[in-house]
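Notes to accompany the following structure.
Residue numbers (our numbering), protein chains in the order written: chain A, 67 to 524; chain B, 67 to 524.
Below, the structure is given as structure tokens:
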């Protein structure tokens with residue numbers, strides 16, 4: 067272990083050093099992300115059309131491609147101080163164990179009860195809803211990180227929170243459900259009898275265990291039918307990437323403070339909330355021609371939207387009631403195989419990140435599930451933290467890059483996003499520990515089938 | 067919220083400011099804690115008698131009543147840097163919500179995968195075992211925090227780790243078990259067929275779900291029968307309080323840095339590991355007559371060793387194979403009622419803390435389970451962190467003291483120990499959320515019955 071170094075194991079910014087504004091990556095993009103379309107008219111969605119679903123300030127943020135910095139309201143900054151700054155960790159133990167000349171850092175977002183970075187956007191979305199005088203918000207949750215984060219934010223602000231939780235998760239992840247209930251949220255297994263769309267699905271498919279698409283449809287219905295409610299979403303949207311930019315901003319401030327310049331930046335990619343947040347300010351420098359970085363998105367081989375999807379307009383939900391977004395997609399009818407553990411199971415990708423990938427500003431790669439858990443176990447034993455399966459995709463790629471440095475002797479600086487902890491993913495860890503975890507790579511035919519169902523957009 | 071204050075939400079020491087030596091509270095005690103006795107001879111245990119069970123350096127620390135500061139080896143300090151310094155949090159949100167003039171702080175030890183302060187001593191005990199050239203260590207675990215912490219420390223050092231886990235917990239807390247397995251520990255449900263004592267108990271009580279006392283007996287048997295193994299324990303012992311002093315030392319350094327002087331220091335009390343660690347350096351000042359503090363131990367009304375036990379020599383385990391310790395005890399045959407959730411279920415108390423309590427240096431109080439979970443829920447919603455049931459005993463008392471300040475108008479400074487998170491205690495939270503949690507206070511008769519069975523020591 068390097069005792070002489072000036073760089074601590076964990077770099078914590080002071081509260082004064084924390085970002086006071088979010089960074090809007092779109093402002094630095096020459097080619098802007100394509101607008102959301104109204105699935106009925108095929109025309110770009112206006113603020114008026116969006117405001118029955120999202121609260122006003124968030125609609126503004128969603129549509130704003132020009133303002134580079136948007137001030138973080140004091141109330142949100144105060145809430146951030148309860149769990150931020152998050153540490154930028156120098157992975158000395160990992161470097162020593164790998165015997166690599168690479169310098170490895172990770173930005174750890176898991177030190178809060180939601181267990182992930184989701185809280186960064188949850189508090190922002192809840193705050194604007196409260197400010198607008200709303201009674202509450204609705205959302206869907208699958209694995210439960212987003213639902214937990216939103217419940218925490220709503221409890222803090224005294225806002226009602228209705229979470230539609232995919233029925234199979236509601237039953238198999240009772241602990242996530244209980245965390246949300248402890249924070250006062252009402253958690254409903256989806257599909258449910260509480261909505262029109264839920265009753266319809268239950269009539270057509272009695273005994274269904276639900277899907278994220280169905281839960282979204284129920285949450286949107288409740289938000290639009292109940293005065294004083296709006297719908298909120300934890301990933302994919304531009305507003306979410308904006309709020310999550312706090313991850314990348316803190317990372318950059320911490321690195322600048324110690325004169326560290328990353329060569330490679332690695333993030334796991336599902337809908338893009340963490341990836342977009344982490345890489346944001348670095349990508350901005352790259353777009354402005356001020357610096358160059360290798361930026362790598364890592365996705366599961368079982369749900370490979372960047373690496374095997376197509377760049378086209380598609381529905382954001384399987385229920386096909388949400389707006390159309392132009393993105394890398396496997397088709398909204400694509401569902402990852404049943405053996406897929408953890409999150410990163412969205413069929414599409416943030417429009418902003420899709421455009422940047424399309425324009426060659428970042429790379430993407432995919433990794434298989436068993437190698438991800440092998441990396442997770444190695445990381446847990448070496449760095450102490452039991453990582454979330456999602457985060458472990460980034461770990462897996464970081465280890466590969468560090469191994470390459472060992473071969474070439476290059477002292478590259480690698481930073482990756484450790485989005486969260488795996489404390490609520492132990493069913494998956496148990497499978498891995500018991501040697502029962504399997505991999506699945508969808509065939510070309512499967513992907514072609516769901517892509518063939520993409521909506522026709524002129 | 068007070069925007070003008072100079073005290074941040076979270077005070078993090080720099081790595082240079084972290085303690086370089088543990089503080090040995092016994093050195094400042096005029097009346098030393100009574101020595102451990104050999105249950106066979108009734109004589110104080112010698113280093114020779116203790117060394118087949120504990121490794122040599124730990125025996126030294128256990129018996130050392132004189133050395134005030136014991137250097138923390140560099141390797142342990144490096145490991146500490148992976149999860150320490152832990153934050154001293156100013157509970158601004160709690161103060162605002164309570165509308166109290168009190169200033170509330172808590173030292174949060176839950177930001178590591180073991181989820182509690184147990185890791186502070188686990189790494190120390192594993193390190194000395196490794197240094198002595200041992201192959202591995204054995205231990206017991208009930209709820210699983212200690213077993214998890216030890217597994218993490220052993221994985222880091224490449225030491226074998228055998229954990230005997232009370233069978234009912236092994237089956238009802240599969241997630242804790244899987245965390246330990248991910249860290250490479252072998253986890254055996256106790257009683258088991260792997261030991262003589264286990265086989266004996268299984269023959270006598272087929273179908274038993276185990277007890278902590280039985281798991282201790284199995285772990286000690288394996289340690290003493292296998293060359294290269296020693297037994298380690300997560301609480302009660304002097305050595306554990308020594309290692310845990312890092313909590314109080316960091317707290318004191320952080321408070322001194324900002325010129326904060328606590329009036330009241332509150333810790334939950336089971337075997338005393340957190341309480342002794344947190345209050346150590348403050349108690350030292352009090353013993354030396356340099357300062358005065360109100361120090362309050364908070365225990366469950368269902369297991370009230372300080373408040374309703376007797377100060378006498380007793381076995382540390384229900385199996386009656388461990389040394390005799392002089393302590394406040396309910397009798398080693400006392401078992402908390404089945405509705406008791408979480409830890410703090412030990413029948414006795416650290417000898418050091420027992421002596422200090424006996425000599426009037428600290429207060430003790432007990433709280434009931436439903437009020438504890440009510441406090442936990444309030445805390446989670448206000449401060450964001452979902453607390454462990456154990457820690458919530460301290461929260462409960464801190465809220466009471468803050469309410470008193472509101473009544474009297476006194477601006478007292480309260481600091482309490484938030485020992486860990488409740489992520490693996492959601493069965494208990496679910497009971498509370500469902501309104502099914504109950505209280506139980508043992509009758510005087512019950513306590514008298516188990517106290518009547520105390521061993522006779524001259």
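From the three backbone atoms N, C-alpha and C, an ideal C-beta is built for every residue, glycine too.
Since the structure is predicted, the reported quantities are computational estimates derived from the model, not experimental observations.
Using a CB distance below 7 Å, the part of the segment 491 to 519 of chain B facing chain A consists of 492, 495, 496 and 499, ordered along the chain.
For residue 282 (chain A), there is no enclosing beta strand (DSSP E); the enclosing alpha helix (DSSP H) has its first and last residue at 278 to 291. Within chain B, no C-beta atom comes less than 9 Å from the C-beta of residue 326 (chain A); the nearest is roughly 17 Å away.
Contact between residue 390 (chain A) and residue 102 (chain A) holds: their C-beta atoms lie close to 7 Å from each other, under 8 Å. Between the alpha carbons of residue 130 (chain A) and residue 302 (chain A) lies a distance of about 15 Å. A direct Cα-Cα distance of roughly 15 Å separates residue 434 (chain A) from residue 495 (chain A).
Assigned with DSSP and collapsed to three states, residue 252 (chain A) falls in strand. Look at residue 222 (chain A): its C-beta is under 8 Å from a C-beta on chain B. Sequence-distant Cβ neighbours of residue 151 (chain A) in its own chain, meaning closer than 6 Å and more than five residues away, are 78, 79, 84 and 316. Between residue 268 (chain B) and residue 262 (chain B), the C-beta spacing is not below 8 Å.
Straight through space, the alpha carbons of residue 256 (chain B) and residue 264 (chain B) are spaced by roughly 7 Å. Nearest neighbour of residue 366 (chain B) by Cα position, chosen from B:399, B:330, B:326 and B:457, turns out to be B:457.
Against chain B, the CB of residue 165 (chain A) has no partner CB under 8 Å away; the residue lies outside that interface.
Within a 10 Å sphere around the beta-carbon of residue 493 (chain A) sit fewer than 16 other beta-carbons, which makes this residue exposed. The residue from A:368, A:401, A:413 and A:352 with its alpha-carbon nearest to that of residue 378 (chain A) is A:413. Membership of residue 510 (chain A) in the alpha helix (DSSP H) is indicated by the continuous run 510 to 517. 442, 443, 446, 447, 448, 449, 450, 451 and 452: these are the residues of the segment 442 to 458 of chain A whose beta carbon lies less than 9 Å from some beta carbon of chain B, given in chain order.
Secondary structure of residue 73 (chain A) (DSSP, three-state): coil. With a cutoff of 8 Å on beta-carbon distance, residue 322 (chain B) and residue 360 (chain B) are scored as not near each other.
The C-beta of residue 247 (chain B) comes closer than 8 Å to at least one C-beta of chain A. Residue 515 (chain A) and residue 178 (chain A) have their C-alpha atoms some 40 Å from each other. Each residue's CA atom was taken as its position, placing residue 82 (chain A) and residue 74 (chain B) some 9 Å apart.
Going by DSSP, residue 169 (chain B) is part of the beta strand (DSSP E) stretching over 169 to 174. Under a 10 Å Cβ-count criterion, residue 518 (chain A) is classified as exposed, with fewer than 16 other Cβ atoms of the shown protein chains found around its own Cβ. DSSP lists A:89 as the bridge partner or partners of residue 135 (chain A).
Listed along chain A are 144, 145, 148 and 222, each with a C-beta nearer than 9 Å to that of residue 159 (chain B). DSSP links residue 226 (chain A) through a beta bridge to A:202. Around the beta carbon of residue 288 (chain A), 16 or more other beta carbons sit within 10 angstroms, so the residue counts as buried.
Cβ-Cβ distances below 8 Å link residue 474 (chain B) to nothing in the same chain once the five nearest sequence neighbours on each side are left out. Contact between the segment 155 to 168 of chain B and the segment 105 to 123 of chain B is absent, with fewer than three C-beta pairs closer than 8 Å. Counting along the chain, no alpha helix (DSSP H) covers residue 479 (chain A); the unbroken beta strand (DSSP E) around it starts and ends at 479 to 484. For residue 436 (chain B), the nearest beta carbon of chain A is not closer than 8 Å to its own beta carbon. Measuring C-alpha to C-alpha distances from residue 486 (chain B) to each of B:120, B:250 and B:182 identifies B:182 as the nearest.
In this structure, residue 333 (chain A) sits near residue 363 (chain A), with a CB-CB distance shorter than 8 Å.
Contact between residue 295 (chain B) and residue 201 (chain B) holds: CB atoms are separated by about 6 Å, below the 8 Å threshold. Here residue 237 (chain A) is exposed: its Cβ has fewer than 16 other Cβ atoms, across all protein chains shown, within 10 Å.
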